[in-house]
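J.:
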Amino acid sequence: MKNLYEGRIKNLHQQLADENKKNSLFTWLRSLSFLLFAWSLYAWFQLDVGRFFWVIPVILIFLFLKLVGISGGIKQRIKLLQQLVTINQTEINYLNRQFEGLDSGESYQDSQHFFAYDLDVFGLN
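The numbers in numbering that gives the first Met the number 0 rise by one with no breaks, and the one at position 103 of the sequence shown is 102.
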């Protein structure tokens, strides 16, 4: 069972590395598209580039916004993968009987219930 979780963690780390590469790529693409947008606005207003040049800044701002949306999705995926690594590591710790960091459940104990303490569900036992 432990091998299953270790295999999942290895797979998740590979996926995390891939997503981090994608995140880096889209960060550069976002920066480039914004700089091109800024330059195209400058060229449109300051240089004599033609009256239909306004299409280029519009296309570039839409490209920038699309890249921002894609980057947001990648960041959410990275966060999800990190949480899955944590969950699988917790399961490995549980299988190794390392319960540190897990909630003891004391907040759910009912002192008014007449046999809840006999169940021995809550606590460190």
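Beta carbons are placed, not taken as given, at the ideal position from N, Cα and C, and that holds for glycine.
Would L28 and L66 be called neighbours here (beta carbons separated by less than 8 Å)?
T.: For L28 and L66, yes; Cβs fall inside 8 Å.
J.: Short check: CB of L15 to CB of Q81, under 8 Å?
T.: Yes. Within cutoff.
J.: Are F25 and I91 closer than 8 Å when you measure CB to CB?
T.: No.
J.: Need the endpoints of the alpha helix (DSSP H) that V67 sits in, please.
T.: Run containing V67: V54 to L94, per the alpha helix (DSSP H) assignment.
J.: For Q13, which three-state DSSP category applies?
T.: Here Q13 sits in helix by DSSP.
J.: Using beta-carbon positions only, say whether F44 and L59 come within less than 8 Å of one another.
T.: No.
J.: Is the beta carbon of Q97 less than 8 Å from the beta carbon of I8?
T.: No. Outside cutoff.
J.: Around the C-beta of F131, are 16 or more other C-beta atoms found within 10 angstroms, so that it is buried, or is it exposed?
T.: Outside the modelled stretch of the chain, which goes from 0 to 124, sits residue 131, for which no answer is possible.
J.: My assumption, with CB atoms under 8 Å, is that N22 sits in contact with S70. Please give the rounded CB distance.
T.: N22 to S70, Cβ: 7 Å. Contact.
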